[in-house]
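Just so we're aligned, residue 1 is where the sequence shown starts under our numbering, counting upward by one. All remarks here apply to the structure that follows.
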Amino acid sequence: MTKRNHAEIVAEQSQSKSATSALAASWRRSMVKHGLNPGDPRRPDRLERSALTQRQQAMERFLRLAGPQLDQLYHLLGLPGCNVMLTDAAGVVLDLRVSDADADQFRDWGLWRGTDWSEAAQGTNGIGTCLAEGRAVTIHRDEHFHTRNTGMSCIDAPIWGPDGRLIAALDVSSARADQTAPFNRLIAAHVVQTARGIEAGYFRASYPEARIVVAGDGGDTALLAVDRDDLAIGATRAARRALGLEREGAIRPRPASDLLGNPDDRSGLERAERAALTHALARAGGNVSAAARALGVGRATLYRRMTRLGLDRA
């Protein structure tokens, strides 16, 4: 495909009201909403060092936690002509992993710290379209909006913050001529897995005093943060969706048992009493006398309460 033909095809698809594919919709946003020209040869602008540093400092804890997983993904790929990048929610590259041999070429392409790869700035591309649509995407070669980017394959996954809002995009970009669709799918699986790992790790770090539990069938990133009173005080985006919680922002504290389901029909007070007795017995190693002393009740009283709550059978 010639440069001229690519620009013409993008322009035609962008202006067609009958085009319904996700790619055509992104091209249309790029041209109609953002006013971009697919034939524009200019490389992405880079932020001034001070502006980039300010963005990095604002996400310092997140970047620190994500760093080891970026290392792992980069070493797992281990391919010349590939790099790994992490952006903020605006599409600005904050961190990357790239070999010394490829560094100059990627810097020239704009795949570097401080460059803005939002869809508004660069049209359809892995980072920008991932952030615009909030989903994992692969933009392969001439699927890019700008002709100048058609030599790249960009594979991305979104990362959601503890408040349910989009916080970053994880990107693997490649300019390898032998990059095939099956190989892209293999890379995409690793990118998604790494993004989910970063997301879960950052959520856990955001609630250091809470117990983290998996919310039913919502997947391994559907996590709840539960405090010492068994109240759910935080939830990942996947957990919010699975449990019908607030989509974004702080969640209203709720008993975790109400969210996760409870097989018995006891009242809240009965469940609390049963939990207190169970904990005392566990701490006492099953010794009823020791548990009674810890609870400040007589042994006979504890036996009666155990019988009423079904703990004697346990």
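C-beta atoms are modelled at their ideal positions from N, C-alpha and C, and glycine is treated no differently.
Problem - Reference His146; option with closest CA among Leu131, Trp109, Val172 - result: Nearest C-alpha to His146: Trp109.
Handout entry: Cβ-Cβ distance between Ser174 and Ser153 below 8 Å
Key = Between Ser174 and Ser153, the C-beta spacing is below 8 Å.
Practice task
Starting from the Cα of Arg141, find the closest Cα among Asp178, Met59, Arg29, Leu295 and give me that residue.
Solution key: The residue with the shortest Cα to Cα distance from Arg141 is Asp178.
Problem - Simplified DSSP assignment, three categories, for Pro182 - result: The DSSP-derived three-state label of Pro182 is helix.
Exercise for the section: Output the distance between the C-alpha atoms of Met306 and Leu245, rounded to the nearest integer angstrom. Expected result: In a straight line, the C-alpha of Met306 is about 35 Å away from that of Leu245.
Practice task
Just mark Ala168 as buried or exposed, buried being the case when its beta carbon has 16 or more other beta carbons within 10 Å.
Solution key: Residue burial is scored here from C-beta neighbours: Ala168 has at least 16 other C-beta atoms within 10 angstroms and is therefore classed as buried.
Problem - Cβ shell of Val84 (< 6 Å), same chain only, five flanking positions each side left out - result: Same-chain partners within the cutoff: Leu70, Leu73, Tyr74, Arg97, Val172.
Problem - Sub-8 Å separation of Gly234 and Pro162 beta-carbons - result: Here Gly234 is near Pro162, since their CB atoms are less than 8 Å apart.
Practice task
Can you give me the start and stop residues for the beta strand (DSSP E) that Ala168 sits inside?
Solution key: From DSSP, the beta strand (DSSP E) with Ala168 extends over 166 to 174.
Handout entry: DSSP beta-bridge partners of Gly249
Key = None, per the DSSP bridge assignment.
Exercise for the section: Check the Cβ-Cβ distances between Gly310 and every residue of chain D, and say whether any is below 8 Å. Expected result: Considering every chain present, this structure includes no chain D. It has just one protein chain.
Handout entry: For Pro158, the three-state DSSP class (helix, strand or coil)
Key = Looking at Pro158 - three-state DSSP - the assignment turns out to be strand.
Exercise for the section: Could you say which of Leu86, Leu76, Thr236 lies nearest to Gly249 if we only look at CA atoms? Expected result: Cα-wise, what sits closest to Gly249 is Thr236.
Problem - For Ala157, the nearest candidate out of Leu166, Gly151, Leu224 (CA to CA) - result: Ranking the options by Cα distance to Ala157, first place goes to Leu166.
Practice task
Kindly list the residues whose CB is nearer than 8 Å to the CB of Ser257, restricted to its own chain and excluding five residues on each side of it in sequence; keep chain order.
Solution key: Taken in chain order, the residues that qualify are Asp230, Arg271.
Handout entry: C-alpha gap between Lys33 and Leu77, whole angstroms
Key = Rounded to the nearest whole angstrom, the CA to CA distance from Lys33 to Leu77 is 36 Å.
Handout entry: Distance CB(Val93)-CB(Thr115) smaller than 8 Å
Key = Val93 places its beta carbon less than 8 Å from that of Thr115.
Exercise for the section: Could you have a look at Ile287 and say whether DSSP puts it in helix, strand or coil? Expected result: Sequence check: residue 287 is Asn here, not Ile. Three-state DSSP puts Asn287 in coil, outside helix and strand.
Exercise for the section: Over the uninterrupted alpha helix (DSSP H) stretch that includes Thr301, give me the two end residues. Expected result: From DSSP, the alpha helix (DSSP H) with Thr301 extends over 299 to 308.
Practice task
With DSSP as the reference, please indicate the residues paired to Val322 in a beta bridge.
Solution key: This structure cannot speak to residue 322, because the chain is shown only from 1 to 314.
Problem - Given Arg148 as reference, the closest of Leu111, Leu260, Cys130, Ala280 once Cα atoms are compared - result: In terms of Cα proximity to Arg148, the closest of Leu111, Leu260, Cys130, Ala280 is Leu111.
Handout entry: For Arg240, the nearest candidate out of Ile198, Gly216, Ala11 (CA to CA)
Key = If we check each option's Cα against that of Arg240, Gly216 comes out closest.
Practice task
Note down the Cα distance separating Gly128 from Met59, rounded to an integer number of angstroms.
Solution key: Distance between the alpha carbons of Gly128 and Met59 is about 19 Å.
Practice task
Starting from the C-beta of Ser289, find all residues in its chain whose C-beta is less than 7 Å away, skip the five residues before and the five after it, and write them out in chain order.
Solution key: Within the same chain, Cβ atoms closer than 7 Å to the Cβ of Ser289 are found at Arg299, the five residues on either side in sequence being excluded.
Problem - Alpha-carbon spacing of Arg247 relative to Arg64, whole angstroms - result: Spanning the two alpha carbons is a distance of roughly 26 Å.
Practice task
Just the C-alpha distance for Ala232 and Arg254, rounded to the nearest angstrom, thanks.
Solution key: Going by C-alpha positions, Ala232 is about 5 Å away from Arg254.
Problem - For Ser30, the three-state DSSP class (helix, strand or coil) - result: Ser30 carries a helical assignment under DSSP once its states are collapsed to helix, strand and coil.
Practice task
Following the continuous beta strand (DSSP E) through Asp100, name the residue where it begins and the one where it ends.
Solution key: Annotation: Asp100 is outside any beta strand (DSSP E); the continuous alpha helix (DSSP H) that includes it extends over 100 to 109.
Exercise for the section: Whole angstroms is fine: what's the gap from Glu209's alpha carbon to Val226's? Expected result: Per the coordinates, the alpha-carbon of Glu209 lies some 9 Å from the alpha-carbon of Val226.
Exercise for the section: Please classify Asn83: does DSSP put it in a helix, a strand, or coil? Expected result: Under the three-state reduction of DSSP, Asn83 is assigned to strand.
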